[in-house]
Amino acid sequence: MAEKTIDRSQEYVRIESVTKRFGDFVAVDNVSLNIYKGEIFCLLGGSGCGKTTLLRMLAGFEAPTSGRILIDGQDMASTPPYERPVNMMFQSYALFPHMSVERNVAFGLEQEGLTKAEVSNRVADMLDIVKLGEFARRKPHQLSGGQRQRVALARALVKRPKILLLDEPLGALDKKLREHTQFELINLQERLGVTFVVVTHDQEEAMTLATRIGVMNKGQIVQVGTPTDIYEFPNSRFVADFIGSVNIFEGQLIEDEPGHVRIRCPELDTTVFVSHGISSAPDAKVSVAIRPEKIEMTRGAPEGAENLTRGIVKEIAYMGDMSVYLVKLDSGRMVRVTIPNVERHADERIVWDEAVHLSWHASSPVVLSQ
Amino acid sequence: MVRISGSPAPQGLSNSRLGLLHALLHQYGPPRWSRYVREHWSGQRLVIAVPWIWLFLFFIVPFLIVFKISFSEIRLAMPPYAPLFEWLEEGRRLVTTLDLSNYAFVISDGLYVSTFLYSLKIAAVSTVLCLLVGYPMAYGIARAAPTTRSLLLMLIILPFWTSFLLRVYAWMGLLKSDGVINNVLLSLGLIDMPLTLLYTDLAVYIGIVYSYLPFMILPLYANLEKHDITLLEAAADLGARPFKSFFLITLPLSVPGIVAGCLLVFIPAVGEFVIPSLLGRADQLMIGRILSDEFFANRDWPVASAVAIVMLIALLLPIMIFQRYQRRELEAAKR
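Going down the list, the sequences are from chains W and A.
Per my numbering, the first sequence starts with residue 1, numbered consecutively.
Per my numbering, the second sequence starts with residue 371, numbered consecutively.
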């Protein structure tokens with residue numbers, strides 16, 4: 001998404017070493033996190049990683065076992081959910097089944113004690129924004145999944161919260177609608193200027209929506225960064241592996257200069273030359289991560305390649321926009337390579353059981369020490 | 371293996387008894403449903419037919435008999451009413467005696483009207499009391515931990531394991547002037563004279579609420595247990611305090627349960643016979659008692675039948691409302 005100017009001088013949400021235990025189980029483990037005003041911050045992780053618990057603590061449905069949560073400078077410890085300046089869009093939408101769309105959206109405003117006229121004005125405006133004006137009198141069960149999602153969004157946004165919490169906002173929608181809705185969400189967020197905190201297990205969703213992503217694993221935040229940071233510069237094997245697909249090779253550091261390193265990878269029959277220095281002990285065991293789309297696959301050996309290995313194509317998966325190749329190296333290791341299908345005709349494409357050369361630029365591999 | 375049709379029996383068996391069976395089967399074939407039965411009788415229809423036949427034999431037919439008697443004249447005979455159709459002059463003249471005076475009598479006689487209104491009042495007050503007592507209990511059970519829940523439900527049903535009559539008699543022992551309650555209050559010095567508890571409306575309310583409470587709690591529990599807790603979270607998130615969330619979300623969504631529970635208490639309470647007879651006032655009878663007195667003491671079957679029919683029609687209305695709600699809930703659940 002387009003880069004936006006976000007004021008990083010002052011945090012809007014401040015999570016200070018928050019831990020949440022359920023009995024013996026540590027759901028959220030000493031998480032500290034700052035979220036800035038106007039951001040779309042995504043908490044990304046697999047199921048059971050603690051992302052939803054963290055979101056529920058922001059909403060006030062769970063109290064941290066230890067640590068503090070500050071929203072706009074205010075400690076939320078003793079603030080019940082109904083007094084917090086945040087609103088949540090539930091994964092199940094949690095629309096009130098006995099109320100019309102209009103009444104659902106008006107519910108939050110009625111709790112604020114606004115005049116009838118103001119409530120109906122704001123509800124009508126919000127329903128226009130989410131393009132549900134003509135469905136105002138329908139009951140939730142008379143709506144499609146996408147329409148219900150928009151009612152849930154309108155119901156939360158009409159309160160003009162400081163922060164909108166979204167729990168798997170697009171999880172219940174089919175793929176086409178999900179892609180469309182992602183961009184609608186971003187537009188809406190830019191228009192209204194509300195800070196979004198999104199919980200998702202879908203990395204594609206996180207990459208599209210987020211200004212920053214916090215990757216979670218086993219209750220901890222393992223990396224925080226922009227989608228590009230997270231994808232191109234993962235700081236651990238977990239992140240590299242979790243976001244997108246990646247080839248990871250075990251190796252040993254044999255040359256460690258400030259400008260480059262050389263790593264011996266037995267699985268690759270070659271040493272890996274990386275054109276940036278890393279900070280690691282000499283002879284340390286490291287992992288080298290190379291994204292499948294950063295590997296070039298050719299029939300003949302390319303000239304002047306710094307990193308070159310050979311193999312035989314074993315599997316091809318045609319995905320339309322690109323093809324995924326599984327190439328078996330001489331060592332027996334399978335390497336995943338993706339090639340964009342630029343040409344419509346398949347004559348020139350590499351086929352099964354062809355011997356190929358794999359090469360990659362010296363700047364492509366990421367060296368991970370953990 | 372016995373082959374029923376098609377190829378002939380194995381040689382070795384042809385002279386044995388099994389061979390004879392086989393020959394018979396071969397000749398007549400296994401019983402087959404007629405084409406009509408196969409095409410028009412589904413398993414579903416057969417299953418539904420059973421309760422239909424049951425209801426027809428034991429509800430519709432008796433109802434029609436009572437309905438017929440209610441239009442007859444009383445007669446000192448066995449049975450104690452005149453037939454509706456009679457052949458006089460050796461079958462040459464058909465006489466019909468359609469007597470509406472039973473209904474006129476039931477409606478015009480103040481006793482029946484006031485008894486009926488009194489029964490409705492007792493039933494209505496008891497139903498409201500049952501709801502007020504039962505709703506918090508049902509709510510508590512529905513929100514309890516799953517393991518505690520089944521225990522609590524068992525406790526609700528537990529009183530059914532003792533005889534209903536025995537439990538009502540036990541209340542007499544508790545409520546009478548030298549009963550447990552009065553003795554305790556006297557010995558504590560809270561009262562100087564025994565309170566008149568037994569043979570009052572209060573005793574009837576206590577008896578009905580006590581006896582019918584499970585019928586209120588169980589449908590309410592069944593409804594409340596299905597509620598989605600995230601709806602309450604959503605209400606809280608939108609700024610509603612728990613108390614308000616209850617009235618805006620939980621209560622409206624439990625209306626089908628409330629209606630079911632109220633009708634299950636109200637309908638039998640109107641016609642309740644045992645509890646008011648044992649615990650209630652002597653000067654004010656309930657309609658169930660009147661009905662039984664007319665039938666058995668006065669042997670005025672036509673008037674008793676008319677009372678029964680009027681009562682049934684008056685109660686049919688709430689049952690129909692109940693069914694409408696049930697249907698609505700079923701339709702909502704389908705979505």
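We put the beta carbon where it would ideally sit given N, CA and C, even for glycine.
In the three-state scheme derived from DSSP, where H, G and I count as helix and E and B as strand, residue 145 (chain W) is classed as helix. Burial check for residue 528 (chain A): the Cβ neighbour count within 10 Å stays below 16, so the residue is exposed. Ranked by Cα distance from residue 40 (chain W), the first of W:328, W:223, W:29, W:205 is W:205.
At least one beta carbon of chain W lies nearer than 8 Å to the beta carbon of residue 619 (chain A). Residue 224 (chain W) and residue 52 (chain W) do not touch by the CB rule: their CB atoms are close to 18 Å apart, not below 8 Å. Under a 10 Å Cβ-count criterion, residue 216 (chain W) is classified as buried, with 16 or more other Cβ atoms of the shown protein chains found around its own Cβ.
Bounds of any alpha helix (DSSP H) do not take in residue 355 (chain W); it lies within the beta strand (DSSP E) bounded by 355-360.
Contact between the segment 584-591 of chain A and the segment 654-671 of chain A is absent, with fewer than three C-beta pairs closer than 8 Å. Check the Cα spacing between residue 316 (chain W) and each of W:327, W:307, W:308: the tightest is with W:327. Pairwise C-beta distances place the segment 622-639 of chain A out of contact with the segment 448-461 of chain A, as fewer than three of them are shorter than 8 Å. Shown here, residue 668 (chain A) sits in coil according to DSSP, grouped into three states, outside any helix or strand. Three or more pairs of CB atoms, one per stretch, sit closer than 8 Å, so the segment 346-365 of chain W contacts the segment 295-308 of chain W. Counting every other CB atom within 10 Å of its CB across the protein chains shown gives residue 615 (chain A) a total of 16 or more, marking it as buried. For the 8 Å CB-CB criterion, residue 95 (chain W) and residue 140 (chain W) form a contact. Counting along the chain, the unbroken beta strand (DSSP E) around residue 42 (chain W) starts and ends at 40-44. Beta-bridge pairing by DSSP links residue 217 (chain W) to W:220. Looking at the backbone, the Cα of residue 208 (chain W) and that of residue 179 (chain W) are separated by about 9 Å.
Less than 8 Å divides the Cβ of residue 289 (chain W) from the Cβ of residue 365 (chain W).
Taking a beta-carbon distance threshold of 8 Å, residue 204 (chain W) does not count as an interface residue toward chain A. Neighbours of residue 345 (chain W) in chain A, taken as residues whose beta carbon is under 8 Å from its own, are absent, since the nearest beta carbon is some 50 Å off.
Taking every protein chain shown into account, the CB of residue 318 (chain W) has fewer than 16 other CB atoms within 10 angstroms, so this residue is exposed. Going by beta carbons, residue 268 (chain W) and residue 249 (chain W) fall inside the 8 Å limit. With respect to residue 623 (chain A), residue 597 (chain A) sits close: the two C-beta atoms are nearer than 8 Å. Taking residue 645 (chain A) as reference, the option from A:526, A:581, A:467 with the minimal CA-CA separation is A:581.
For the C-beta of residue 100 (chain W), not a single chain A residue is nearer than 9 Å; the gap to the nearest is close to 13 Å. Where residue 318 (chain W) is concerned, the enclosing beta strand (DSSP E) starts and stops at 307-318. Note that the C-beta distance between residue 679 (chain A) and residue 440 (chain A) is below 8 Å. Scanning chain A for C-beta atoms nearer than 9 Å to the C-beta of residue 112 (chain W) yields 609, reported in chain order. The C-beta of residue 159 (chain W) comes closer than 8 Å to at least one C-beta of chain A.
By the criterion of a C-beta distance shorter than 6 Å, residue 314 (chain W) is surrounded in its chain by 326, 328, once the five residues flanking it on both sides are discounted. The three-state secondary structure of residue 27 (chain W), taken from DSSP, is strand. For residue 70 (chain W), same chain residues with a beta-carbon under 6 Å away, outside a window of 5 residues either side, are 14 in chain order.
The segment 63-80 of chain W makes no contact with the segment 119-136 of chain W; the number of CB pairs closer than 8 Å stays below 3.
Secondary structure at residue 65 (chain W): coil, using DSSP grouped into helix, strand and coil.
Contacts with chain W at 8 Å (Cβ-Cβ) include residue 622 (chain A).
Take residue 147 (chain W), set aside five residues on each side of it, and no residue of its chain has a beta-carbon closer than 6 Å to its own.
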